[in-house]
Amino acid sequence: MATEKNYGNPELEAKLRDRYLYTNDTNPEFLNDVKKVSRTIAHMCFQCGTCTGSCPSAPRSSYRIRLFMRRGVLGLEKEALNDPDLWLCTTCYSCTDRCPRDIAPTDVIMAMRNLAFKYDIVPRNFLKTVQLIYTTGHGVPNNDVNRSAREKLGLSRDPPTTHSYPEFMPGIQKIIDHYKLKENADRILAEEGQ
Amino acid sequence: MAEAKEQPRIGVFICHCGTNIAGSLSIEEVKEYAKTLPGVVVAEEYQYMCSTPGQSIIVDSIKEHNLNGVVVAACSPRLHEPTFRIATQEGGLNKFRFEMANIRDQNSWVHMHDWEGATSKAKDQVRIAVAKARMLEDLEPKSVPVEHAALVVGGGVGGMQAALDLASAGIKTYLVEKNPTIGGRMSQLDKTFPTLDCSQCILTPKMVDVGRHPNIELMTYTEVENVEGYIGNFTITLRKKARGVLTPTEAEARGIVGGGCNGCGDCAEVCPVIKPNPFELGMAPRKAIYIYHPQVNPLLYTVDFDSCIKCGLCVTACGEEKKAIDLDMVDTFEQVKVGTCILAIGYDLIPIEGKKEWGYKRFDNVITGLEFERLICASGPTGGKLIRPSDGQIPKKIGFVLCAGSRDNTGGVAKPYCSRFCCMYSLKHAHQIMEKIPGAVPYLFYMDIRSFGKMYEEFYYRIQNEGAKFIRGRVANILEDPTSKNLTVYTEDTLLGRPLSLEMDMVVLAAAIQPKPEAERIRQMFGVSKSQDGWYLEAHPKLNPCGTTTAGIYLAGVCQGPKDIPDTVAQAEGAASAASIPIHIGEVQLEPYFAQCIEELCAGCGMCVNLCPYGALDLVERDGGRQVMEVTEAKCKGCGTCGGFCPGGAIKMQHFTSPQICAQIDAFLLEGGEQ
Amino acid sequence: MAESKHQYAFFLGCIAPNRYPGCESAAIKTSAKVGIELLPLKGAGCCPAPGAFGSIDLNVFYALAARNLVLAEQMNMDITLICNGCYKSIWEVNHILKHNDELRDGVNEVLKEVDMEFKGTIDVWHLAELYYDPKICGVDKLAASVTRPLTGTKIAVHYGCHLMKPGKERHFGDTENPMWIDELVEALGAEAVQYRNKMQCCGAGGGVRGYDLTHSLDITNEKLINVTEVGADAITEVCPFCQLQYDRGQIEIQEKFGKTYGIPVLHFNELLGLAQGMSPQELALDLHGIDCKPFLEKIL
Chain A
16 MATEKNYGNP ELEAKLRDRY LYTNDTNPEF LNDVKKVSRT IAHMCFQCGT
66 CTGSCPSAPR SSYRIRLFMR RGVLGLEKEA LNDPDLWLCT TCYSCTDRCP
116 RDIAPTDVIM AMRNLAFKYD IVPRNFLKTV QLIYTTGHGV PNNDVNRSAR
166 EKLGLSRDPP TTHSYPEFMP GIQKIIDHYK LKENADRILA EEGQ
Chain B
36 MAEAKEQPRI GVFICHCGTN IAGSLSIEEV KEYAKTLPGV VVAEEYQYMC
86 STPGQSIIVD SIKEHNLNGV VVAACSPRLH EPTFRIATQE GGLNKFRFEM
136 ANIRDQNSWV HMHDWEGATS KAKDQVRIAV AKARMLEDLE PKSVPVEHAA
186 LVVGGGVGGM QAALDLASAG IKTYLVEKNP TIGGRMSQLD KTFPTLDCSQ
236 CILTPKMVDV GRHPNIELMT YTEVENVEGY IGNFTITLRK KARGVLTPTE
286 AEARGIVGGG CNGCGDCAEV CPVIKPNPFE LGMAPRKAIY IYHPQVNPLL
336 YTVDFDSCIK CGLCVTACGE EKKAIDLDMV DTFEQVKVGT CILAIGYDLI
386 PIEGKKEWGY KRFDNVITGL EFERLICASG PTGGKLIRPS DGQIPKKIGF
436 VLCAGSRDNT GGVAKPYCSR FCCMYSLKHA HQIMEKIPGA VPYLFYMDIR
486 SFGKMYEEFY YRIQNEGAKF IRGRVANILE DPTSKNLTVY TEDTLLGRPL
536 SLEMDMVVLA AAIQPKPEAE RIRQMFGVSK SQDGWYLEAH PKLNPCGTTT
586 AGIYLAGVCQ GPKDIPDTVA QAEGAASAAS IPIHIGEVQL EPYFAQCIEE
636 LCAGCGMCVN LCPYGALDLV ERDGGRQVME VTEAKCKGCG TCGGFCPGGA
686 IKMQHFTSPQ ICAQIDAFLL EGGEQ
Chain C
33 MAESKHQYAF FLGCIAPNRY PGCESAAIKT SAKVGIELLP LKGAGCCPAP
83 GAFGSIDLNV FYALAARNLV LAEQMNMDIT LICNGCYKSI WEVNHILKHN
133 DELRDGVNEV LKEVDMEFKG TIDVWHLAEL YYDPKICGVD KLAASVTRPL
183 TGTKIAVHYG CHLMKPGKER HFGDTENPMW IDELVEALGA EAVQYRNKMQ
233 CCGAGGGVRG YDLTHSLDIT NEKLINVTEV GADAITEVCP FCQLQYDRGQ
283 IEIQEKFGKT YGIPVLHFNE LLGLAQGMSP QELALDLHGI DCKPFLEKIL
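Protein chains in written order, with my numbering: chain A, 16 to 209; chain B, 36 to 710; chain C, 33 to 332.
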């Protein structure tokens, strides 16, 4: 735990704040959770850098997949889950494709995102997708411009999905409700002031 | 067979093996149990039974209690059966009055978390061993003479060193090399780290010595075709591939006085067929009649009959005086008898085009470390000028990809192990570039720099001091500019934490190494196993790295595992020393597990004779014209095929007799009860 | 003589039917011409979007994907689809649940609540791989179905990510420099041009298009630079989400970065439709953000 400097001067305290990493800053359960959800051997990372070297997001941001792997291994849960860069992975799977230790760093990111969500850490656009699927069955639902376009093509105005067969919606909603996903999504969006 | 049986007086000796055994089962309980077994008169325990005091306990007990059988419950017989047999003998008994119960490898090591179960199983194992010990007999090992000759397979620096040591020790040595010349990989190198000696320069004296040592019969362009026999008495069938060219001796034998190949090369000048030269890794041509390079040993041309069109121009060029070319030559076979063999067949690079992300074979200017060696070597295809394959220009920015295909668990062509010498040769390459090309900058992309050997870390310091750039990041992938053929290397500088996109003129892949394709066939002929990583399996990784579990066969060099030249030479000397011991002792003791024909019961049917995989059985005539089977003990391996088959029960497998085995089974199944 | 028909349940996803319906229509018509019959998969929904949905809760992701799979199992028919993202959800979850008892049991616990059970009885195929497979169609048969060859056009193929990667968990071979979709494009008479870093992501996935649009567009921009560098007349892909990113993305790039490329973006099925003689109207190309006229002028 970082030592408090109690200098009575917030500016100095901020500038000189303790940067050490102490043993109880690490949460070994975090690594276990990450491994369980990602179903990959995250602990075997030897920091070769092939992943970041393959990453399309790295050259245009501060996102470093290798660093997230390191945080996983060292159990630095807070740092990992609170870093906004966690959401810059496009899941292109190039890192997973090339990792010499046969680890799936992409799945580690997905696992960390799942774990972040449990702490209500999640960008709004993801929650909007949940709501759309809950109400229409689609992440990108139909609209009227499209309906007339479909009609001109000789297709049904709505595709033969939940759009045309709304009786399948309760099934989808039940599944989402089983995991309380909709209520959590609604709650988080409300807290942020939708 | 009825025999006056003495009363069994068995001693049971239980080893703790430190905590290996004692930490997983109750020695005390097993010892007390042993005392209750019929025939057991004493049971002792000790921390390390194999130690001197441990063995003294056995020796003293035999004398004190007048024992006639010894059971040691400890590790594997593979490890210490010989040790305890000697102790048994020192106690005054025939050394085959000894039986071992493996309560370590087969018990405590696999039941570490089951104290009760392991203890109970150990009691079973001791009971079974005692049952056999009660029935053991005196046996006499058979000694067979050892051929005063040795075989070395592989004419690289490892094979050459081993052959030189054996020959210097007075042993006739056959050095068999499948290529037309000896020299191996070392001949292909320019300089050697860390001294930067010219490789061929330091190798040539050894090559010359090998060529003219009176005790070395150098057989190049020859392969091992078949192996029969056992330690001390191997019969090796060699295929002498058709060279198409006569040595002076061979020419003499045909009556061509003063004839035979003298390496003049007139033949190659006129040969119309051009092929890639494998010594130059395909970067330079050779003819269908060729030598790899001017320093070959022996200096003889060779005809590649797969590409020769038999036009005969070479025969004409060679002329009537030398008459050295015979295009009708065919492979011949020769058998040699040796006492011991050393395998030193070396390695190949992995087919690294299989790691598609680095573009080898797709991009002209991506080459392997071995190809770099040939390019930078003064005797190589470019006379030592490092040029880009795409346009012949001199590269200024050269990237080195370390761990290319090594330390890689993704399967396919990649290998999980470290190839050991690539860090060092990449440092060497970096030095050579900076030395030869003013303004050139080498970039070494690494995960670790493994400079482990003598003067190696100092070499690393030197290369960094000379200006090489080290980037700690494994290369993710490489792309090629279609016009300039320059390469862009993508990686992360993990120490800076920044992704890199670096343009290079040329990239050298320090490719992983793997066993040669013929390694599989060769090891099966000689009865050598391979480790999990694919290299030849040594007898013990720490305590017996030159031997194998097949008596009389030894290993030298990279075929046993990645290593550099100093370690190869050291292992070759070790293998030669080990291989010379049976030869100098002159005889080798065979374990007396021979089959034995009980002639009164033998019907002379002869069916066992054909079953024997070693051809050790024959039908012979006795007085009265009766035919019975007879065992040639030197050939018998005690495999039990005949004994298990004989319908009349007339074959006794010594030391593994049917009564002994049945007693063990009965002891296990019928006795025991509540423990 | 009746063509032997290969029948599949057509999983539509979201973006194709609801934004680029020409892809859906083209898929049905062009496949019919090569003996592949696409039948509607009633009641399917979002695959669900792997990046957006999987990031939140993988359990729901597996269950929703399994629901879609069960619909096809009930039809006793293999699924085919035209989107890399859907491929990841539908094919991968099918594959995982077939081999992982624990996950399958967990999913079936939830599916029980909606009277469904995942049995693992069907297979999932991307329509492009069916075109490539000689047992179903093959490059030659595809070429034979072409009535309006796209001769004289240079097309840059974008393979996308979720179809082929990670290579160790897919069966499409080399992920560094694949050529099979290039071969399909050349079967249509076009020239498939090679461009720098062709396997790079479009930038849309993982929820990044929604989370940080300009970040995703910067990735797309790099691809557009590489593609225009070799003089491509159009980009083709096998993923409507990549299509959206390239198509609408070029408009957004123009707004936000001030760069204009004007390079038409066509899903492979739209391309195949054109090559088989379908009109731009039949393909609803007017719905595209980037005008397809420059490309159409070369082939019509």
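Virtual Cβ for every residue (Gly too), placed ideally from N, Cα, C.
Output needed for residue i: all residues of its chain with C-beta closer than 6 Å, excluding positions within five of it in sequence on either side, in chain order.
{"i": "Thr106 (chain A)", "result": "Thr121"}
{"i": "Gly641 (chain B)", "result": "Leu654"}
{"i": "Tyr327 (chain B)", "result": "Thr216, Phe314"}
{"i": "Thr417 (chain B)", "result": "Leu410"}
{"i": "Met33 (chain C)", "result": "The predicted model places Met33 (chain C) with a pLDDT of 39, which falls under 50 and marks its position as unreliable; any figure quoted below should be read in that light. Correct list: empty, nothing qualifies."}
Given a threshold of 16 other Cβ atoms within 10 Å of its Cβ, counted over all protein chains shown, does residue i qualify as buried or as exposed?
{"i": "Asn126 (chain C)", "result": "buried"}
{"i": "Asn301 (chain C)", "result": "buried"}
{"i": "Glu38 (chain B)", "result": "Caution is warranted here: a pLDDT of 46 is assigned to Glu38 (chain B), below 50, making its placement in the model unreliable, and the coordinate value is therefore given only provisionally. With fewer than 16 other Cβ atoms within 10 Å, it is exposed."}
{"i": "Ala205 (chain A)", "result": "exposed"}
{"i": "Ile506 (chain B)", "result": "buried"}
{"i": "Met664 (chain B)", "result": "buried"}
{"i": "His575 (chain B)", "result": "exposed"}
{"i": "Thr176 (chain A)", "result": "buried"}
{"i": "Lys156 (chain C)", "result": "According to the sequence displayed, residue 156 (chain C) carries Val and not Lys. Buried, by the Cβ-count rule."}
{"i": "Met490 (chain B)", "result": "exposed"}
{"i": "Pro49 (chain C)", "result": "buried"}
{"i": "Leu704 (chain B)", "result": "exposed"}
{"i": "Leu137 (chain A)", "result": "Residue identity check: residue 137 (chain A) is Val in the sequence provided, not Leu. The residue in question, Val137 (chain A), is buried, as its Cβ has 16 or more Cβ neighbours within 10 Å."}
{"i": "Ile251 (chain C)", "result": "buried"}
{"i": "Thr750 (chain B)", "result": "There is no way to answer for residue 750 (chain B), as the model of chain B reaches only from 36 to 710."}
{"i": "Met147 (chain B)", "result": "exposed"}
{"i": "Arg278 (chain B)", "result": "buried"}
{"i": "Ser693 (chain B)", "result": "exposed"}
Going along the chain, which residues of its own chain have a beta-carbon closer than 7 Å to the beta-carbon of residue i, five neighbours each way excluded?
{"i": "Gly86 (chain C)", "result": "Phe93"}
{"i": "His58 (chain A)", "result": "Leu46, Lys50, Val88"}
{"i": "Asn5 (chain A)", "result": "With chain A covering only 16 through 209, there is no way to say anything about residue 5 (chain A)."}
{"i": "Asp244 (chain B)", "result": "Leu199"}
{"i": "Asn140 (chain C)", "result": "Glu149, Phe150"}
{"i": "Cys632 (chain B)", "result": "Val663, Met664, Glu665, Val666, Ala685, Ile686"}
Based on the DSSP secondary-structure assignment, which residues constitute the bridge partners of residue i?
{"i": "Ser536 (chain B)", "result": "B:Tyr525"}
{"i": "Met135 (chain B)", "result": "B:Val107"}
{"i": "His299 (chain C)", "result": "C:Glu269"}
{"i": "Met254 (chain B)", "result": "B:Val211"}
- Whole runs of the alpha helix (DSSP H) within the stretch 410-481 of chain B, excluding any shorter than 4 residues: Whole alpha helix (DSSP H) segments, 4+ residues: 457-471.
- Item | Residues of the stretch 506-530 of chain B whose Cβ lies closer than 8 Å to any Cβ of chain A, in chain order | Arg507, Gly508, Arg509, Val510, Ala511, Asn512, Tyr525, Thr526, Glu527, Asp528, Thr529
- Query: Going along the chain, which unbroken runs of the beta strand (DSSP E) with 3 or more residues stay wholly within the stretch 209-259 of chain C?
  - Reply: 223-225
- Output, in sequence order along the chain, the residues in the stretch 177-195 of chain A whose CB is closer than 7 Å to any CB in chain C. Thr177, Tyr180, Phe183, Gly186, Ile187, Lys189, Ile190, Ile191, His193, Tyr194
- Cβ-based contacts, 9 Å cut-off: residues of the stretch 292-323 of chain C near chain A: Gln313, Glu314, Leu315, Ala316, Asp318, Leu319
- Query: Where in the stretch 615-700 of chain B do unbroken runs of the beta strand (DSSP E), each at least 3 residues long, occur, reported from the N-terminal end onward?
  - Reply: 622-625, 630-632, 652-656, 662-666, 686-688
- Contact set between the stretch 184-218 of chain C and chain A, restricted to residues whose Cβ is under 8 Å from the partner: Result list: Cys193, His194, Lys197, Pro198, Gly199, Lys200, Thr207.
- Query: What are the uninterrupted segments assigned as beta strand (DSSP E) that are 3 or more residues long and contained completely in the stretch 74-107 of chain B, given in chain order?
  - Reply: 75-81
- Message: For a minimum of 4 consecutive residues, which ranges assigned as the alpha helix (DSSP H) are wholly contained in the stretch 103-191 of chain A?
- Response: 109-113, 120-133, 139-151, 159-167
- Query: Which residue spans inside the stretch 48-109 of chain A form an unbroken alpha helix (DSSP H) run of at least 4?
  - Reply: 65-69, 80-89, 92-97
- Message: For the stretch 67-83 of chain A, list every residue whose C-beta sits within 8 Å of some C-beta in chain B, in sequence order.
- Response: Correct list: Thr67, Gly68, Ser69, Cys70, Ala73, Pro74, Arg79, Arg81, Leu82.
- Message: Can you pull out the residues from the stretch 436-450 of chain B whose beta carbon lies closer than 7 Å to at least one beta carbon of chain A?
- Response: Cβ contacts with chain A come from Arg442, Asp443, Asn444, Thr445.
- Task: Name, going along the chain, the residues of the stretch 109-125 of chain A whose beta-carbon falls closer than 7 Å to a beta-carbon of chain B.
- Result: Within the stretch 109-125 of chain A, those residues whose Cβ lies closer than 7 Å to any Cβ of chain B are, in chain order, Arg113, Pro115, Arg116, Asp117.
- Message: By the 9 Å beta-carbon criterion, what residues does the stretch 532-551 of chain B contribute toward chain F?
- Response: The structure shown has no chain F; the protein chains it does contain are A, B and C.
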